[in-house]
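Q: Same order as they appear, the protein sequences are chains A and B.
Note that the first sequence covers residues 6 to 398 in the numbering used here.
Note that the second sequence covers residues 6 to 398 in the numbering used here.
Here a beta-carbon is modelled for each residue, glycine too, at the ideal position from N, C-alpha and C.
Quick caveat, the model's predicted, so the values are computed rather than measured.
Below is the structure I would like to discuss, written out as structure tokens.
Number of protein chains: 2
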Amino acid sequence: MFNERMQRRGEERSVIREIFEYGNARKREIGAENVFDFSLGNPSVSAPDCVQREIARLTGTMSAGKMHGYTSAAGAPEVREAVAAYIRSAFGTPMSAELVYMTCGAAASLAITLHALCESGDEFVVITPCFPEYKVFIEQAGGKVVCAQTGPDFHLDLNALDRAVGKRTKAVIVNSPNNPTGVVYGESELNGLAGLLRRKSEEKGSPVFLIADEPYRELVYGVAVPYLPNLYANTVVCYSFSKSLSLAGERIGYIAVSPACAGAQSLFAAVSGAGRSLGYVCAPVLFQRVCAKCLGQSSDVSAYRENRDLLCGGLTSFGFQCVPPDGAFYLFLKSPEPDAKAFCERAKRYELLLVPSDSFGVEGYVRISYCVAKETIARALPAFEKLSREYGL
Amino acid sequence: MFNERMQRRGEERSVIREIFEYGNARKREIGAENVFDFSLGNPSVSAPDCVQREIARLTGTMSAGKMHGYTSAAGAPEVREAVAAYIRSAFGTPMSAELVYMTCGAAASLAITLHALCESGDEFVVITPCFPEYKVFIEQAGGKVVCAQTGPDFHLDLNALDRAVGKRTKAVIVNSPNNPTGVVYGESELNGLAGLLRRKSEEKGSPVFLIADEPYRELVYGVAVPYLPNLYANTVVCYSFSKSLSLAGERIGYIAVSPACAGAQSLFAAVSGAGRSLGYVCAPVLFQRVCAKCLGQSSDVSAYRENRDLLCGGLTSFGFQCVPPDGAFYLFLKSPEPDAKAFCERAKRYELLLVPSDSFGVEGYVRISYCVAKETIARALPAFEKLSREYGL
Chain A
6 MFNERMQRRG EERSVIREIF EYGNARKREI GAENVFDFSL GNPSVSAPDC VQREIARLTG
66 TMSAGKMHGY TSAAGAPEVR EAVAAYIRSA FGTPMSAELV YMTCGAAASL AITLHALCES
126 GDEFVVITPC FPEYKVFIEQ AGGKVVCAQT GPDFHLDLNA LDRAVGKRTK AVIVNSPNNP
186 TGVVYGESEL NGLAGLLRRK SEEKGSPVFL IADEPYRELV YGVAVPYLPN LYANTVVCYS
246 FSKSLSLAGE RIGYIAVSPA CAGAQSLFAA VSGAGRSLGY VCAPVLFQRV CAKCLGQSSD
306 VSAYRENRDL LCGGLTSFGF QCVPPDGAFY LFLKSPEPDA KAFCERAKRY ELLLVPSDSF
366 GVEGYVRISY CVAKETIARA LPAFEKLSRE YGL
Chain B
6 MFNERMQRRG EERSVIREIF EYGNARKREI GAENVFDFSL GNPSVSAPDC VQREIARLTG
66 TMSAGKMHGY TSAAGAPEVR EAVAAYIRSA FGTPMSAELV YMTCGAAASL AITLHALCES
126 GDEFVVITPC FPEYKVFIEQ AGGKVVCAQT GPDFHLDLNA LDRAVGKRTK AVIVNSPNNP
186 TGVVYGESEL NGLAGLLRRK SEEKGSPVFL IADEPYRELV YGVAVPYLPN LYANTVVCYS
246 FSKSLSLAGE RIGYIAVSPA CAGAQSLFAA VSGAGRSLGY VCAPVLFQRV CAKCLGQSSD
306 VSAYRENRDL LCGGLTSFGF QCVPPDGAFY LFLKSPEPDA KAFCERAKRY ELLLVPSDSF
366 GVEGYVRISY CVAKETIARA LPAFEKLSRE YGL
């Protein structure tokens, strides 16, 4: 009676959100302090001061009539100009306000970009392990998902990418700092990817695009995050302020089409058409303006770094194995039994809520979102220790 | 190279937004006070005090960490409960929080609902003249648009609806108070529609749904707006706070699936799946909470009423013809020449920006959005008078 695919997607929900909802229910049952919910990438560190200050300034100085009205579909002109100016100065790369499209966050940035790019028969390459919702957005846009697995250290495997990218590939999605591994790809491996994509574009006779999914750009622990448009012309940046400014629930981000992109103007038109078609009228306007004044700022990354150190140190001391993350706030832990789902179920008995890696496109790992209070990690460690003993680690 | 449909939709843009953008450019050229922009339904009356008060209260009392984080995909539980409680008390109709899905405004409400409902081969009936973007949303969801024209007074024509609704009809969209005519459908004509849909559902062997698109519910001038779920079981309400609370740019609204709907739980799952698939993670959270405290309130409707009276009075005195609107803030004026586009071009010479009716699905009219400063109308009237003389009215 209803759209079957939509109903199925609504019933299955995202695996992550499923655990998050379970955690909320469990917290009501036994008290929030007794549930160690590592499921969701919901920033635990407060938005930086500039956010509350800008909200107060705007509500204090703009008339309520002007402040909350529609902007142009692509965003308020002064906001788009501010984003473009920031990109130019921060990354030393050309960018024009006319190619900046403000969005309702990263998911909207991706959904819109994929709808803009996808023609019948197109394939999109994702680098696994990857964010599970890529599959949903790609399929909704009419594309086919092709996976290229990373190496054992979760860095790019150019051979795997060489096999995955073919005549039907419209774009490759790159997410660095990475969800779920916390890995940041270095300039050298990204140059390797850029070279591969240039060669593949030539073979194909039309560009293979790069979608740079960058919500974690600012959340890094002392490593550089190369700006992809500087390495590869046909790049579309999908950005979100959700994580950098701890505004996940406010739904605000942008799409920046590199001016060096083949057919940049037409691609931007397709982005606008996709935003329109999917029901995005404009990005939430108060936060458009707030974010325009907080560009380049971020929440207190040192808190995430402390969490990482505490968690990695503890878990490895208990015998668990992981690659220490360079950025984002996720730890990808090797499951001590091959079936990660079984491991997660066992962890649940200690009120540890982890996400099995299957939905990220690889088996045998779990994702731990450590964007929680440091105290939660400290209190969870004994539970992890008991869990490790069950496995005789 | 890109998705052709998206590119076309981006290039054509919405006719209304096209004129709005022209108006913005023109204002920069000759000064805002010299352009009479009646194109966009951007509320001119300030958000009611409760909005700014709630923003200040929330930013003052909630921690920045808690305030801006993700909510569940369907919205914060307390917000959904507040909306359900409001619906129960304001309309005397059953509603449960579990069937309320918070959205990024009316366009998102519609896009999500259409994606949830639409199966291959489905038709959706729109009542013309109607909001032009219905076509975009229906086609994007994979449906086919079927038009049922209203009578000359822009009220429902049950014969036209009887012809339009058939075996393939999945839903009929009803928008009252109406954009672009300002007409409010009465209980008797809506009961006629409900009876027709019950008969058609029986013939078809499955329900024909009613989508109640209600962004203008509170903006009425002394007439009652019947609540459709009280008249017809299989109703989904698509609501937005954009117009009632003058928050058009903040993108906040909701979908309420009537508990009496056939398969209400499954339909809600499909709504959730559609929201997820289209990249809506959750509705903007600050405004979820703000709106939950402002339910049933509205901006100062008397200002719109004064505008209507001034505009209708002036235009009819110059010899123009229109049906005086009962609600919303649109006036649907008969074009004094058959080609409404030509009339709009002529009006442009007097800096009067009107929207030709063709995109609303009927010919020979223009839409005047009178959600502008009263002074703008007062200053535009002499221009309208000159225009009327050109036509010898």
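What does Pro330(B) pair with, by DSSP beta-bridge criteria?
A: On the second sequence, residue 330(B) is found 325 positions in, with the first residue counted as 1. Paired residues: none, contrary to the question.
Q: Could you name the residues of the same chain whose beta carbon sits closer than 6 Å to that of Leu386(A), not counting the 5 residues immediately before and after it, in chain order?
A: Start at 1 with the first residue of the first sequence, and residue 386(A) comes out as number 381. Hits under 6 Å: Gly319.
Q: Alpha carbons only, please: which of Lys353(A), Tyr309(A), Ala388(A), Arg351(A) is nearest the one belonging to Gly46(A)?
A: Mapped onto the first sequence, residue 46(A) falls at position 41. Shortest Cα-Cα distance from Gly46(A) to any of Lys353(A), Tyr309(A), Ala388(A), Arg351(A) involves Tyr309(A).
Q: To which residues of the same chain is Lys140(B) closer than 7 Å at the C-beta, ignoring the five residues directly before and after it?
A: Counting from one through the second sequence, the residue named residue 140(B) turns up at place 135. Around Lys140(B): Val150.
Q: Looking only at its chain, what residues have a beta carbon closer than 7 Å to the beta carbon of Val84(B), apart from the 5 residues adjacent to it on each side?
A: As a working mapping, residue 84(B) is identified with position 79 in the second sequence. Around Val84(B): Met107, Gln293, Arg294, Ala297.
Q: Compute the Euclidean distance between the alpha carbons of Arg58(B) and Asp54(A), then round it to the nearest angstrom.
A: As a working note, residue 58(B) is residue 53 in the second sequence. As a working note, residue 54(A) is residue 49 in the first sequence. Their Cα atoms are separated by approximately 20 Å.
Q: In the segment 8-19 of chain B, which residues sit with their C-beta less than 9 Å from some C-beta in chain A, listed in chain order?
A: Asn8, Glu9, Arg10, Met11, Gln12, Arg13, Arg14, Gly15, Glu16, Glu17, Arg18, Ser19
Q: Just the Cα atoms here: how many angstroms apart are Leu233(A) and Pro264(A)?
A: Numbered from 1 along the first sequence, position 228 holds the residue referred to as residue 233(A). Numbered from 1 along the first sequence, position 259 holds the residue referred to as residue 264(A). Between Leu233(A) and Pro264(A), the C-alpha separation is close to 13 Å.
Q: Looking at the secondary structure, which residues open and close the beta strand (DSSP E) in which Cys152(B) lies?
A: As a working note, residue 152(B) is residue 147 in the second sequence. Per DSSP, Cys152(B) belongs to the beta strand (DSSP E) from 149-154.
Q: How would you list, in chain order, the residues of chain A whose beta-carbon sits under 8 Å from the beta-carbon of Val84(B)?
A: Within the second sequence, residue 84(B) is the residue found at index 79, counting from 1. Close to Val84(B), with beta-carbon spacing below 8 Å, lies no residue of chain A; the smallest spacing is near 11 Å.
Q: Could you tell me whether the Cβ atoms of Tyr335(A) and Pro231(A) are closer together than 8 Å?
A: Numbered from its first residue, the first sequence carries residue 335(A) at position 330. Numbered from its first residue, the first sequence carries residue 231(A) at position 226. Contact: no.
Q: Based on DSSP bridge pairs, tell me the residues matched to Thr240(A).
A: As a first step, residue 240(A) is located in the first sequence; it is residue number 235 there, counting from the start. According to DSSP, Thr240(A) bridges with Leu215(A).
Q: Ends of the beta strand (DSSP E) at Asn180(A)?
A: Along the first sequence, one-based indexing puts residue 180(A) at 175. That run of the beta strand (DSSP E) goes 174-180.
Q: For Thr76(A) and Cys287(A), I'd like the C-alpha separation in whole angstroms.
A: Within the first sequence, residue 76(A) is the residue found at index 71, counting from 1. Within the first sequence, residue 287(A) is the residue found at index 282, counting from 1. Their backbone Cα atoms lie some 6 Å apart in a straight line.
Q: Measure the Cβ-Cβ separation of His73(A) and Ala253(B) and say whether it is below 8 Å.
A: What you label residue 73(A) is simply residue 68 of the first sequence in a count that begins at 1. What you label residue 253(B) is simply residue 248 of the second sequence in a count that begins at 1. Going by C-beta atoms, His73(A) is nearer than 8 Å to Ala253(B).
Q: Alpha carbons only, please: which of Arg168(B), Asp305(B), Gly187(B) is nearest the one belonging to Pro249(B)?
A: Position 244 of the second sequence holds residue 249(B). Just to set this straight, residue 249(B) is Ser in the shown sequence, not Pro. If we check each option's Cα against that of Ser249(B), Asp305(B) comes out closest.
Q: Taking Lys346(A) as part of the alpha helix (DSSP H), name the residues at either end of that continuous run.
A: If you number the first sequence from 1, residue 346(A) lands on position 341. Lys346(A) -> alpha helix (DSSP H) spans 345-353.
Q: To the nearest angstrom, how far is it from the Cα of Ala333(A) to the Cα of Tyr221(A)?
A: In the first sequence, the residue the question calls residue 333(A) occupies position 328. In the first sequence, the residue the question calls residue 221(A) occupies position 216. Near 5 Å, if we compare the C-alpha coordinates of Tyr221(A) and Ala333(A).
Q: Just how far apart, CA to CA, sit Tyr285(A) and Lys32(B)?
A: Counting from 1 along the first sequence, the entry for residue 285(A) is found at position 280. Counting from 1 along the second sequence, the entry for residue 32(B) is found at position 27. Roughly 26 Å separates the two Cα atoms.
Q: Residues of the segment 253-271 of chain B in Cβ contact with chain A at a cutoff of 9 Å, in chain order, please.
A: Ala253, Gly254, Glu255, Arg256, Ile257, Ala267, Gly268, Ser271
Q: Taking the C-alpha atoms as reference points, what is the distance between Ile373(A) and Ser51(A)?
A: Translated into the one-based positions of the first sequence, residue 373(A) becomes position 368. Translated into the one-based positions of the first sequence, residue 51(A) becomes position 46. Near 20 Å, if we compare the C-alpha coordinates of Ser51(A) and Ile373(A).
Q: Does any residue of chain A have a CB that is nearer than 8 Å to the CB of Leu358(B)?
A: Within the second sequence, the letter at position 353 stands for residue 358(B). Chain A, which has no Cβ nearer than 8 Å to the Cβ of Leu358(B), makes this no.
Q: Only counting the same chain, and skipping five residues up and downstream in sequence, which positions put a Cβ closer than 8 Å to that of His160(B)?
A: Translated into positions along the second sequence, residue 160(B) becomes position 155. For His160(B), where only same-chain residues beyond five positions count, the Cβ hits under 8 Å are Val188, Tyr190, Gly191, Glu194.
Q: Check the Cβ of Ala116(A) against every Cβ in chain B and list those closer than 9 Å, keeping chain order.
A: Residue mapping note: residue 116(A) aligns to position 111 of the first sequence, counting from 1. Ser282, Leu283, Gly284, Tyr285, listed in chain order.
Q: Here's the rule I'm using: 16 or more other beta-carbon atoms within 10 Å means buried, otherwise exposed. How should Lys175(A) be labelled?
A: Here residue 175(A) refers to the residue found at position 170 of the first sequence. Result: buried.
Q: If you measure from the beta carbon of Arg22(A) to each beta carbon in chain B, is any gap under 8 Å?
A: Position 17 of the first sequence, counting from 1, holds the residue named residue 22(A). Yes, its Cβ sits closer than 8 Å to a Cβ of chain B.
Q: Just to confirm, is the Cβ distance from Gly156(B) to Ser247(B) under 8 Å?
A: Stepping through the second sequence from its first residue, residue 156(B) is reached at position 151. Stepping through the second sequence from its first residue, residue 247(B) is reached at position 242. Contact: no.
Q: Is the segment 10-30 of chain B touching the segment 276-285 of chain A in the sense that three or more CB pairs, one from each, lie closer than 8 Å?
A: yes
Q: Taking DSSP's pairing of strands, which residues face Thr108(B) in a bridge?
A: As a position in the second sequence, residue 108(B) is number 103, starting the count at 1. Looking at the DSSP assignment, Thr108(B) forms a beta bridge with Gly258(B).
Q: Can you give the Cα-Cα distance for Gly80(A) and Ala229(B), rounded to whole angstroms?
A: Position 75 of the first sequence, counted from the start, is the residue given in the question as residue 80(A). Position 224 of the second sequence, counted from the start, is the residue given in the question as residue 229(B). Those two C-alpha atoms are separated by around 36 Å.
Q: Give me, in chain order, the residues of the same chain whose beta-carbon lies closer than 6 Å to that of Ser393(A); leave out the 5 immediate sequence neighbours on both sides.
A: Looking up residue 393(A) in the first sequence gives position 388. The residues are Phe323, Gly324.
Q: Cβ closer than 7 Å: which chain B residues qualify as neighbours of Tyr75(A)?
A: Working through the first sequence from its first residue, we reach residue 75(A) at position 70. Leu45, Asn47, Ala253, Gly254, listed in chain order.
Q: Could you give the residue range of the beta strand (DSSP E) that holds Lys298(A)?
A: In the first sequence, the residue the question calls residue 298(A) occupies position 293. No beta strand (DSSP E) contains Lys298(A), which DSSP labels as neither H nor E.
Q: Taking Cβ-Cβ distances shorter than 9 Å, what residues in chain A pair up with Pro406(B)?
A: Summary: the structure shown does not reach residue 406(B), with chain B confined to residues 6 through 398, and so no result is reported for it.
Q: Taking the C-alpha atoms as reference points, what is the distance between Asn180(B) and Ile216(A)?
A: For the purposes of this step, residue 180(B) is identified with residue 175 of the second sequence, where counting begins at 1. For the purposes of this step, residue 216(A) is identified with residue 211 of the first sequence, where counting begins at 1. Cα-Cα distance, rounded: 39 Å.
Q: Candidates Gly15(B), Ala238(B), Glu223(B): which alpha carbon is nearest Ser206(B)'s?
A: Locating residue 206(B) in the second sequence gives position 201, counting from the first residue. Looking at the Cα atoms, Ala238(B) is the closest of the given residues.
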